[in-house]
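Trainee:
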Amino acid sequence: MIKALSNPRFFKKLGPFERLASSVWQVPRKSLYFGLVMMFVASVLDAISIGLMIPFLKILLNEGNTSYFPQTRFTEGLNSWLVQQPKSEIVGLFALILVGVFILKSAFYYIAQVITAFYRESVIELLKKRIYQIYLYSPMSFFDEAQIGKIMSTLHGELLDTKKLIGAFFLGLSSLMILLAYLGVLLLVSWRMTLLTALLISSVALGLTVLLRQIKRDGNAVVVAKRALNALALDSLGGIRIVKSYGTEEFELERFNHICDDYMEANLGLARKQSLIDPLTELVTLMAAMLILVGSYTLLISKGLLGTSELLIFMLVLIKIVPITKRINSARGLVQESQSSLAKVAEALSIPLQYPVPSGSEPFRGLRQSIAFNNVRFSYNGRTNVLNGISLEIPQGKTIALVGGSGAGKSTIAALIPRFYEVTEGSITLDGKDIRQYDPISLRQCIGIVSQDTYIFNASILENIAYGLKGVDRAKVVEAARLANAHGFICQLSEGYDTVVGDRGVKLSGGQRQRISIARAMLRDPEILILDEATSALDSQSEHLVQEAIERLRCNRTVIVIAHRLSTVRNADRIVVLEKGQIVEQGEHDQLLATRGLYWSYHNLQSLPV
Numbered sequence: 002m003i004k005a006l007s008n009p010r011f012f013k014k015l016g017p018f019e020r021l022a023s024s025v026w027q028v029p030r031k032s033l034y035f036g037l038v039m040m041f042v043a044s045v046l047d048a049i050s051i052g053l054m055i056p057f058l059k060i061l062l063n064e065g066n067t068s069y070f071p072q073t074r075f076t077e078g079l080n081s082w083l084v085q086q087p088k089s090e091i092v093g094l095f096a097l098i099l100v101g102v103f104i105l106k107s108a109f110y111y112i113a114q115v116i117t118a119f120y121r122e123s124v125i126e127l128l129k130k131r132i133y134q135i136y137l138y139s140p141m142s143f144f145d146e147a148q149i150g151k152i153m154s155t156l157h158g159e160l161l162d163t164k165k166l167i168g169a170f171f172l173g174l175s176s177l178m179i180l181l182a183y184l185g186v187l188l189l190v191s192w193r194m195t196l197l198t199a200l201l202i203s204s205v206a207l208g209l210t211v212l213l214r215q216i217k218r219d220g221n222a223v224v225v226a227k228r229a230l231n232a233l234a235l236d237s238l239g240g241i242r243i244v245k246s247y248g249t250e251e252f253e254l255e256r257f258n259h260i261c262d263d264y265m266e267a268n269l270g271l272a273r274k275q276s277l278i279d280p281l282t283e284l285v286t287l288m289a290a291m292l293i294l295v296g297s298y299t300l301l302i303s304k305g306l307l308g309t310s311e312l313l314i315f316m317l318v319l320i321k322i323v324p325i326t327k328r329i330n331s332a333r334g335l336v337q338e339s340q341s342s343l344a345k346v347a348e349a350l351s352i353p354l355q356y357p358v359p360s361g362s363e364p365f366r367g368l369r370q371s372i373a374f375n376n377v378r379f380s381y382n383g384r385t386n387v388l389n390g391i392s393l394e395i396p397q398g399k400t401i402a403l404v405g406g407s408g409a410g411k412s413t414i415a416a417l418i419p420r421f422y423e424v425t426e427g428s429i430t431l432d433g434k435d436i437r438q439y440d441p442i443s444l445r446q447c448i449g450i451v452s453q454d455t456y457i458f459n460a461s462i463l464e465n466i467a468y469g470l471k472g473v474d475r476a477k478v479v480e481a482a483r484l485a486n487a488h489g490f491i492c493q494l495s496e497g498y499d500t501v502v503g504d505r506g507v508k509l510s511g512g513q514r515q516r517i518s519i520a521r522a523m524l525r526d527p528e529i530l531i532l533d534e535a536t537s538a539l540d541s542q543s544e545h546l547v548q549e550a551i552e553r554l555r556c557n558r559t560v561i562v563i564a565h566r567l568s569t570v571r572n573a574d575r576i577v578v579l580e581k582g583q584i585v586e587q588g589e590h591d592q593l594l595a596t597r598g599l600y601w602s603y604h605n606l607q608s609l610p611v
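Under the working numbering, the residue at position 495 of the sequence shown is numbered 496, and the numbers go up by one with no gaps.
1) Do you know whose CA, among Pro441, Tyr381 and Leu368, lies nearest Ser362's CA?
2) Identify which residue in Val479, Leu554 and Gln583 has its Cα closest to the Cα of Ser392.
3) Thinking just about the alpha-carbon of each residue, which of Arg420, Ser568, Asp526 and Leu161 is nearest to the one in Leu470?
4) Quick check: the Cα distance between Ile462 and Lys508, rounded to an integer number of angstroms?
5) Give the straight-line distance between the Cα atoms of Glu580 and Ala409, rounded to the nearest whole angstrom.
6) Restricting to Cα atoms, I'd like to know which of Leu201, Trp26, Ser351 and Asn221 is closest to Tyr138.
7) Is DSSP giving Pro56 helix, strand or coil here?
8) Between the C-alpha atoms of Leu188 and Ser339, what's the straight-line distance to the nearest angstrom?
9) Go ahead and label Thr385 buried or exposed: buried means 16 or more other beta carbons lie within 10 angstroms of its beta carbon, across all protein chains shown.
10) Using CA atoms only, rank isn't needed, just tell me which of Glu394, Gly398 and Asp432 is closest to Ile414.
11) So, at 8 Å on beta carbons, what are the nonlocal neighbours of Leu184 in its own chain, with the 5 sequence-adjacent residues on each side left out?
12) Three-state secondary structure (DSSP) at Thr210?
13) Going by beta-carbon coordinates alone, are Val562 and Ala402 separated by less than 8 Å?
14) Thinking Ile132 and Thr163 are a contact (beta carbons under 8 Å), I'd like their distance in whole angstroms, please.
15) Note the first and the last residue of the continuous beta strand (DSSP E) segment covering Arg575.
16) Which parts of the stretch 353-410 are runs of the alpha helix (DSSP H), unbroken and 4 residues or longer, counting only runs that do not cross its ends?
17) Measuring only the C-alpha atoms, how far is Arg369 from Tyr439?
18) Quick check: Val323 and Leu287, are their CB atoms within less than 8 Å of each other?
19) Which residue comes first and which comes last in the beta strand (DSSP E) that contains Ile466?
20) Return the chain-ordered list of same chain residues with a C-beta closer than 6 Å to the C-beta of Arg420, the five sequence neighbours on each side being excluded.
21) State the DSSP-derived secondary structure class of Leu184, mapped to helix, strand or coil.
22) Let me confirm a value: Asn330 is counted as buried when at least 16 other C-beta atoms fall within 10 Å, else exposed. Which label applies?
23) Output needed for Ser44: all residues of its chain with C-beta closer than 6 Å, excluding positions within five of it in sequence on either side, in chain order.
24) Keeping to the same chain, check which residues put their C-beta closer than 8 Å to that of Leu594; ignore five residues upstream and five downstream.
25) Could you pull the start and end residues of the beta strand (DSSP E) that Gly588 belongs to?
26) In the DSSP output, what is Lys618 paired with across the bridge?
27) Using CA atoms only, rank isn't needed, just tell me which of Phe379, Gly101 and Asn465 is closest to Ile429.
28) Could you check the C-alpha separation between Ser505 and Leu174 for me, to the nearest Å?
29) Between which residues of its own chain and Asp1 is the CB-CB distance below 8 Å, once the five residues before and five after are set aside?
30) In the DSSP assignment, find the unbroken beta strand (DSSP E) run with Leu614 in it and report its ends.
31) Note down the Cα distance separating Ile51 from Ser191, rounded to an integer number of angstroms.
32) Please classify Met39 as buried or exposed, where buried requires at least 16 neighbouring CB atoms within 10 angstroms.
33) Please list the terminal residues of the continuous alpha helix (DSSP H) segment that includes Leu470.
34) Would you call the stretch 471-485 and the stretch 442-454 touching, i.e. three or more CB-CB distances under 8 Å?
35) Based on the DSSP secondary-structure assignment, which residues constitute the bridge partners of Leu417?
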C-alpha cells in the first residue's frame, strides 16, 4: 500500500492541490535536482557559446585591436593577452573552444532531458497507482454515485494531460534558464540595451495574460466534454445488449455525435487561441528587436558607446530569444490548458477523505457464535431509511433466508455484513464484538458471495475461479468446479480451463457463469456465505444444477439466502420476512405458513397454477 494513504490525519489537513503536491513530493528527488543542475549547466554553456562568437566578429570587422570582449575586471587580463596573439591563431583557438562547448552543451542537455523524462514518468506512475488504489479502497457508496466512464477518464485522460503539464513545466523552466543566461551575455555587451530588452520581453509576457486566461477556460470545456464522451461511450457499450434489444443504435449514435460535436468545438476553440501564442510572441518580439536596433544605433553606436560587433551579437541573441520566448509562452498556455485536468487529479486524491470507511485493526479469524444486528437503521442517501430498527441474530453454522418484496431491505442487510456500507444507527456484532473493530479486508476474505449479477472477468476460466489467489494448485480449481457442477461444460469448451470467456463472461450462459461464481466461492472455502438471488434468472435445468451446487457449498457454513422463489428457502433453519425495512415475521417454513401472514401470501401467489 502506498505510504501516505495510511496517514489520513495528515492528508485531512491538506487541500486537493496540496495533496497532489504531497504525492508528487514522494518521488525520489535526487534525479530531479541532478536534472535541474544539468539543465542549468547546459544553459550556461549555451550562453558561453554565444559569447565566444564575439572574437570572430571582432576579427571580421577588424575591431579586435584593443579588446575582444567587453572590458570588465573579469575580462581585462584575457583581452590584454588576446590582442598580442596573431588573429589566425585566435580564430583557430576559439573555433576549437566553440566546438568543445557545443559538444558539452549538447551532452548536458541530453542528460537533463533523459533525467527529467524519468522524473515525469515516475510522477505519473505514482499518481496512477495512488489514484487506482484510492478507487479500489473506496467504499461502495462512492461507486453508487460515480460514473465509471469519468473514473476511466481521470485514470487515463487527465493523467495524460498532467504528464503534458509536467513536460511543459520542464520545457518552460529550461527555456527560462537559457533566456536568463542570454540576458547575462547581453548584460556584458550593454546594460542599457539589456534593460530595454528585459522590459520588452516582460511586456510580451504580460500582454499574453488575457489570452492565457481564455485558454484556461477553453481547456476546462475540453475536459468536461471529454469526460462526458468517455462516460457515454462506456455506458452504451457496456449495455450493448440492451441497445441491441431495443434497437436504439441510432438514438445512442445521436447522443454520442452530439457530445462529439461539443468536444470538437471545444478543441477547436482551444486550438484557435493556442495558435495565436507563437505568431503574437514572434511578432511582438521582432518588433521589439527592430525597436532596439533603431534605438541602439541612434543612442549608442552613433555616439561610439557600442561597436558594430557588439550590436551584431546583440541581434544574434535577440533572434535566438524569439523561439525561446515562444517556447516559454507555449508552456504557459499548456499549463493553463491543463489546469482543469490537474484539478480532476487533485479531486481524485481527496476521495478517501470524502468517503471514509472506519477500519479496525483486529484481524477476523472466523465466526464462533453468531452475527447480530442490533436495532440497525441504514440510509443510502442520508435521508430515507432503507432499514428501520433491524434486530436479528444469525447463529454460526445456520442458514437464514431473507424474504420480502422489492425494496424491503434484503440485499441491504447482506451488503452490511461485508461492510460494503456502514450502518447509520445501531450496530452489527460478530461474536459480540462490533464489526468495525475488525479489519474489513480480513473479514471479506472469510465471506463468499454468489449473486444474481455474477461478474466474470475477461480471462480464462481457471483465472476466474482462482481469482485473487496466488499459486493455487490446478487440481484444487478442478475439484471446486466439480463441486459447482461446472467441470462438465468446462471440458466441452475449446480450450477447457484455459478458455478466455470475454468481457463479463459473454461467451458463457447465465447458468454457466453462476456455476463459475460458485466454484470461485468454493475454492476460497468461506465461513460465511451470502446467496443473493443466485438462481432467480435461470431456467429450470440450470437452476437445478446451481441449486445442487449451492447445497454442497452450504454445508457447515453460516449462510444468508436472499430469494424471491420460496422453493429455494423452504429448507432454511429460519426464514425472516421483511417489509419496508422492518422484520414482520420470522420462523421455519411450516410455522410461517401456519400463521397465514405475509409469508403465507407470498407462498400462495407462487403456488397459483399458470
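Where a beta carbon is used, it is the ideal one built from N, C-alpha and C, also for glycine.
On a predicted model such as this, the values are computed, not experimentally measured, just so you know.
Mentor: In terms of the structure at hand:
1) Against the sequence shown, residue 362 aligns to sequence position 361. Among Pro441, Tyr381 and Leu368, the Cα nearest to that of Ser362 is on Pro441.
2) For the purposes of this step, residue 392 is taken as residue 391 along the sequence shown, with counting starting at 1. Checking every option, the nearest Cα to that of Ser392 belongs to Gln583.
3) Residue mapping note: residue 470 aligns to position 469 of the sequence shown, counting from 1. Leu470 has its Cα closest to that of Asp526, out of Arg420, Ser568, Asp526 and Leu161.
4) Counted from its first residue, the sequence shown places residue 462 at position 461. Counted from its first residue, the sequence shown places residue 508 at position 507. Spanning the two alpha carbons is a distance of roughly 11 Å.
5) Position 579 of the sequence shown holds residue 580. Position 408 of the sequence shown holds residue 409. A straight line joining the alpha-carbon of Glu580 with that of Ala409 spans about 5 Å.
6) Position 137 of the sequence shown holds residue 138. Comparing Cα-Cα distances from Tyr138 to each of Leu201, Trp26, Ser351 and Asn221, the minimum goes to Ser351.
7) In the sequence shown, counting from the first residue as 1, residue 56 sits at position 55. Looking at Pro56 - three-state DSSP - the assignment turns out to be helix.
8) Here the question's residue 188 lines up with position 187 in the sequence shown. Here the question's residue 339 lines up with position 338 in the sequence shown. When rounded, the distance between both Cα atoms is 35 Å.
9) Here residue 385 corresponds to residue number 384 of the sequence shown, with the count starting at 1. Result: exposed.
10) Residue mapping note: residue 414 aligns to position 413 of the sequence shown, counting from 1. Comparing Cα positions, the closest option is Glu394.
11) Stepping through the sequence shown from its first residue, residue 184 is reached at position 183. Around Leu184: Thr195, Thr198 and Ala199.
12) If you number the sequence shown from 1, residue 210 lands on position 209. It is helical.
13) Within the sequence shown, the letter at position 561 stands for residue 562. Within the sequence shown, the letter at position 401 stands for residue 402. Yes, Cβ-Cβ distance for Val562 and Ala402 is below 8 Å.
14) Your numbering for residue 132 matches position 131 in the sequence shown. Your numbering for residue 163 matches position 162 in the sequence shown. Not really, about 11 Å apart at Cβ, beyond 8 Å.
15) The count along the sequence shown starts at 1 and reaches residue 575 at position 574. It spans Arg575 to Glu580 - the beta strand (DSSP E) in which Arg575 sits, taken as one unbroken run.
16) none
17) Here the question's residue 369 lines up with position 368 in the sequence shown. Here the question's residue 439 lines up with position 438 in the sequence shown. Computed Cα separation, rounded: 15 Å.
18) The residue you call residue 323 lines up with position 322 of the sequence shown. The residue you call residue 287 lines up with position 286 of the sequence shown. Going by C-beta atoms, Val323 is nearer than 8 Å to Leu287.
19) Locating residue 466 in the sequence shown gives position 465, counting from the first residue. If you look at Ile466, you'll find it isn't in any beta strand (DSSP E); it sits in the alpha helix (DSSP H) that goes Ile462 to Ile466.
20) Working through the sequence shown from its first residue, we reach residue 420 at position 419. Contacts found: Pro441.
21) Taking the sequence shown and counting its residues from 1, the one referred to as residue 184 is at position 183. The three-state secondary structure of Leu184, taken from DSSP, is helix.
22) Here residue 330 is taken as the residue at index 329 of the sequence shown, counted from 1. Buried, since its Cβ has 16 or more Cβ neighbours within 10 Å.
23) Counting from 1 along the sequence shown, the entry for residue 44 is found at position 43. The answer, listed in chain order, is Met178, Ile179 and Ala182.
24) Counting from 1 along the sequence shown, the entry for residue 594 is found at position 593. Tyr600, Trp601 and His604, listed in sequence order.
25) Translated into the one-based positions of the sequence shown, residue 588 becomes position 587. Residues Gln583 to Gly588.
26) Nothing can be reported for residue 618, as the shown portion of the chain is limited to 2 through 611.
27) Translated into the one-based positions of the sequence shown, residue 429 becomes position 428. Ranking the options by Cα distance to Ile429, first place goes to Phe379.
28) Here residue 505 is taken as the residue at index 504 of the sequence shown, counted from 1. Here residue 174 is taken as the residue at index 173 of the sequence shown, counted from 1. Going by the sequence as given, residue 505 is Arg instead of Ser. Inter-residue distance for Arg505 and Leu174 is about 47 Å (C-alpha atoms, whole angstroms).
29) There is simply no residue 1 to check, as the chain begins at 2 and stops at 611 in what is shown.
30) Nothing can be reported for residue 614: it is not among the residues displayed for the chain, which extend from 2 to 611.
31) Residue numbering aside, residue 51 sits at position 50 when the sequence shown is read from its first letter. Residue numbering aside, residue 191 sits at position 190 when the sequence shown is read from its first letter. Cα to Cα, Ile51 sits roughly 15 Å from Ser191.
32) For this step, residue 39 is matched to residue 38 along the sequence shown. When all chains shown are included, Met39 counts as buried.
33) To locate residue 470, count along the sequence shown from 1; it is residue 469. For Leu470, there is no enclosing alpha helix (DSSP H), as DSSP gives it neither H nor E.
34) no
35) Taking the first residue of the sequence shown as 1, we reach residue 417 at position 416. None; Leu417 has no bridge partner.
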